[in-house]
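Quick note on numbering: the sequence shown equals residues 1 to 473 in full-length UniProt numbering.
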Amino acid sequence: MYNPATGQVQAQVPLASAAEVDAAVQAAREAARTWRLVPLGRRAEIMFRFRAQLDARRDELARIVTREHGKVHSDALGEIARGLENVDYACGIPNLLKGGYSEGASTGVDVYSIQQPLGVVAGITPFNFPAMVPLWMMCNALACGNAFILKPSEKDPSASLFLAGLLKEAGLPDGVLTVLHGDKEAVDALLAHPGVAAISFVGSTPVARSIYEAGTKNGKRVQALGGAKNHMIVLPDADIGMAADAAVSAGYGSAGERCMAISVVVAVGGVGDRLVEAIQARIPAVKVGPGDVAGNEMGPLISGEHRDRVAGYVAGAEAEGATLLVDGRDHGIEGDGYFLKPSLIDHAAPGMKCYDDEIFGPVLSVTRVDTYEEALKLVNDNEYGNGTAIFTRDGGAARQFQFDCEVGMVGINVPIPVPVAYYSFGGWKASLFGDTHMYGPEGVKFYTRSKVVTSRWPDPATSTVNLGFPTNG
Ligand code: NAD
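In structure tokens:
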């Protein structure tokens with residue numbers, strides 16, 4: 001495991017074998033049996049204590065994230081703040097698990113619903129949010145009464161261990177949460193294990209698709225969130241300065257390694273020249289460097305291999321017919337860190353690799369169209385449907401876009417519309433396999449099974465044989 005700002009090895013990660021996965025699942029099954037008996041109020045209490053600990057130790061966790069992921073300290077604090085929202089949400093678990101009750105659904109008959117945990121559930125998380133994405137999953141999974149096995153990215157797993165330590169201190173019994181380090185072998189073993197009831201996955205689309213297929217084939221409940229190519233539409237009436245600020249922030253923040261990053265700006269109706277000029281003017285001011293140096297705004301990429309892949313898209317843009325306006329490859333930062341500076345590509349279009357692929361780096365492409373309809377078509381023809389944004393002063397146009405676009409999360413003058421924790425997060429099309437979004441109400445639904453009970457307490461003296469189908473008499 002490397003420090004991306006220096007390129008130096010900083011730790012070794014053991015990778016679990018199939019036998020070790022089996023041992024972890026057996027232990028989790030054992031723990032799940034007693035954990036589901038723990039009263040709701042007590043589970044909430046543990047979440048409240050966890051919240052207080054995490055709040056107090058944000059800075060320490062942010063430093064761990066920066067050291068292994070590379071993102072700048074302020075950005076790491078941002079992901080922790082968004083992760084904390086999920087702890088807040090899970091603190092309300094007694095309320096969230098309240099069922100319904102219908103007195104007198106039939107004569108002397110009451111009907112009620114209850115939500116029960118699944119047992120052992122597993123989460124597989126990506127490198128780009130080593131604290132927030134595990135929190136998306138584990139808070140609700142645990143609060144609902146499940147045992148949770150977390151398989152974090154092998155590129156930056158220490159944040160998961162830190163969170164597990166805090167939960168232990170908060171009173172979570174041993175075995176209820178397991179952090180299991182591993183790669184494909186461990187994931188395959190979790191997918192095949194009959195003791196795992198459900199899998200939550202966040203990562204790239206090819207892996208998300210294969211996990212969804214293998215998991216559901218094995219009878220598991222699966223939610224698998226994949227990659228993205230998020231378009232930001234700028235209508236002619238938009239404030240150009242505000243749109244340029246948003247494009248630079250959402251395109252280059254976290255070195256573009258966010259699944260909700262803006263990667264394509266769609267300039268509508270002649271706004272292109274002014275917008276590109278405004279974006280280009282802002283780029284030299286973006287401070288790139290090691291994430292632990294105060295004032296830096298963008299850190300390195302996760303690995304040398306990934307940096308080279310991203311640089312390849314920049315190198316190939318002109319040959320594909322686009323215009324490379326800002327080339328971030330020549331960064332001038334000393335040392336062996338995996339740095340790139342922001343790149344800006346103009347006149348990108350479908351059919352070019354720099355437009356079609358998820359680059360997942362600090363590369364912003366601009367494409368120009370004449371009408372709203374053409375912009376909408378670009379969004380809806382794209383294979384991904386994670387996030388999108390529209391910049392305009394026209395409320396009617398924005399409302400039309402929110403109705404028309406085939407995307408799971410929409411921003412209106414908001415470039416990174418990650419829903420707050422009491423809504424749910426998820427894309428459409430190749431950005432999500434399964435039908436349940438992550439966290440919030442859909443998270444609670446995913447981690448529980450509902451049961452409906454029909455009960456009556458008649459006087460036995462009135463009992464008769466009746467072979468008819470029960471009706472609402
Ligand atoms: P990744 O798909 O390479 O890895 C994700 C997880 O899967 C890791 O834990 C990894 O160990 C495991 N894994 C990797 N290859 C595997 C395989 N062949 N079989 C089984 N498991 C495997 O993704 P990444 O590079 O860590 O993260 C970046 C990707 O995640 C981007 O595509 C990004 O858009 C996506 N992402 C999506 C969301 C979302 O909410 N939709 C959020 C964050 C990241």
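From the three backbone atoms N, C-alpha and C, an ideal C-beta is built for every residue, glycine too.
Name the two residues that bound the continuous alpha helix (DSSP H) containing residue i.
| i | result |
| --- | --- |
| Gln-26 | 18 to 35 |
| Lys-353 | 353 to 356 |
| Met-409 | First-last for Met-409: 409 to 412, but that is the beta strand (DSSP E), not the alpha helix (DSSP H). |
| Ser-415 | One detail in the question is off: residue 415 reads as Pro in this sequence, not Ser. Neither: Pro-415 is in no alpha helix (DSSP H) and is coded neither H nor E. |
| Thr-205 | 205 to 217 |
| Asn-380 | 372 to 381 |
| Val-38 | From DSSP, Val-38 is part of no alpha helix (DSSP H); its letter is neither H nor E. |
Look up residue i in the DSSP assignment and say whether it is helix, strand or coil.
| i | result |
| --- | --- |
| Glu-442 | helix |
| Tyr-338 | coil |
| Ala-224 | strand |
| Asn-86 | helix |
| Phe-201 | strand |
| Leu-301 | coil |
| Leu-325 | strand |
| Ala-243 | helix |
| Gln-10 | coil |
| Tyr-2 | strand |
| Leu-364 | strand |
| Ala-294 | coil |
| Phe-403 | helix |
| residue 474 | Residue 474 is absent from the structure shown; the chain starts at 1 and stops at 473. |
| residue 481 | Residue 481 lies beyond the range of the chain shown here (1 to 473); nothing can be said about it. |
| Ala-267 | strand |
| Val-288 | strand |
| Leu-77 | helix |
| Val-420 | coil |
| Val-314 | helix |
| Val-369 | strand |
Specify, as a first and last residue, the run of the beta strand (DSSP E) that residue i falls within.
| i | result |
| --- | --- |
| Ala-389 | 387 to 391 |
| Pro-117 | 109 to 117 |
| Asp-346 | 343 to 346 |
| Glu-103 | 101 to 106 |
| Asn-230 | 230 to 234 |
| Arg-258 | Note, Arg-258: premise wrong, no beta strand (DSSP E); not H, not E. |
| Val-121 | 120 to 124 |
| Val-276 | Segment 272 to 282 is the alpha helix (DSSP H) holding Val-276; no beta strand (DSSP E) there. |
| Lys-451 | 448 to 456 |
Check whether the Cβ of residue i lies closer than 7 Å to any heavy atom of the ligand ADP, and answer yes or no.
| i | result |
| --- | --- |
| Gly-226 | Annotation note on the ligand ADP: not contained in the displayed structure, which lists the ligand NAD as its ligands. |
Is the Cβ of residue i closer than 8 Å to any Cβ of chain D?
| i | result |
| --- | --- |
| Ala-224 | Looking at the structure shown, chain D is missing, and only one protein chain is on hand. |
message = At 4 residues or longer, what runs of the alpha helix (DSSP H) sit wholly inside the segment 132 to 198?
response = 132 to 143, 158 to 169 and 184 to 192, all fully within the segment 132 to 198.
ask   = Counting pairs of Cβ atoms below 8 Å between the segment 50 to 69 and the segment 274 to 288, do you hit three or more?
value = No, the segment 50 to 69 does not touch the segment 274 to 288.
task = Could you pull out every unbroken beta strand (DSSP E) segment of at least 3 residues lying fully inside the segment 43 to 73, listed in chain order?
result = Correct list: empty.
query = Would you call the segment 220 to 232 and the segment 90 to 104 touching, i.e. three or more CB-CB distances under 8 Å?
reply = Contact annotation: the segment 220 to 232 does not touch the segment 90 to 104, with fewer than three C-beta pairs closer than 8 Å.
query = Counting pairs of beta carbons, one from the segment 262 to 280 and one from the segment 369 to 385, are three or more of them closer than 8 Å?
reply = Taking 8 Å as the limit for Cβ pairs, the verdict is that the segment 369 to 385 does touch the segment 262 to 280.
ask   = Looking at C-beta atoms only, is the number of pairs between the segment 172 to 184 and the segment 135 to 154 that lie closer than 8 Å three or more?
value = The segment 172 to 184 makes contact with the segment 135 to 154; the number of CB pairs closer than 8 Å reaches 3 or more.
request  = Check whether the segment 102 to 116 touches the segment 450 to 460, taking contact to mean three or more Cβ pairs, one atom from each stretch, closer than 8 Å.
outcome  = Using a Cβ-Cβ distance cut-off of 8 Å, the segment 102 to 116 and the segment 450 to 460 are in contact, since at least three pairs of beta carbons, one from each stretch, lie closer than that value.
query = On the three-pair Cβ rule with 8 Å, is the segment 123 to 135 touching the segment 192 to 207?
reply = Touching, yes.
query = Are the segment 48 to 58 and the segment 158 to 169 in contact at 8 Å, needing three or more beta carbon pairs?
reply = Segment contact: the segment 48 to 58 against the segment 158 to 169, three or more CB-CB distances shorter than 8 Å; contact assigned.
message = I want to know whether the segment 433 to 453 touches the segment 132 to 151 - three or more CB-CB distances under 8 Å.
response = Contact between the segment 433 to 453 and the segment 132 to 151 is present, because at least three Cβ pairs lie under 8 Å.
message = Whether or not the segment 417 to 431 and the segment 293 to 310 are in contact is what I'm after, with contact meaning three or more pairs of Cβ atoms, one per stretch, closer than 8 Å; do they touch?
response = At 8 Å Cβ cutoff, the stretches do not touch.
key: Cβ contact check for the segment 354 to 366 and the segment 244 to 253: 3 or more pairs under 8 Å   = Taking a cut-off of 8 Å on C-beta distances, the segment 354 to 366 touches the segment 244 to 253, as three or more cross pairs fall below it.
query = Quick one: any contact between the segment 229 to 247 and the segment 334 to 341, if contact means 3 or more CB pairs under 8 Å?
reply = Taking a cut-off of 8 Å for Cβ pairs, the segment 229 to 247 and the segment 334 to 341 do not touch, as fewer than three such pairs fall below it.
inquiry  = Taking 8 Å as the cut-off, does the segment 400 to 407 touch the segment 372 to 392 (at least 3 CB pairs, one atom from each stretch)?
reply    = As far as the Cβ criterion goes, the segment 372 to 392 touches the segment 400 to 407, which means the pair count is three or higher.
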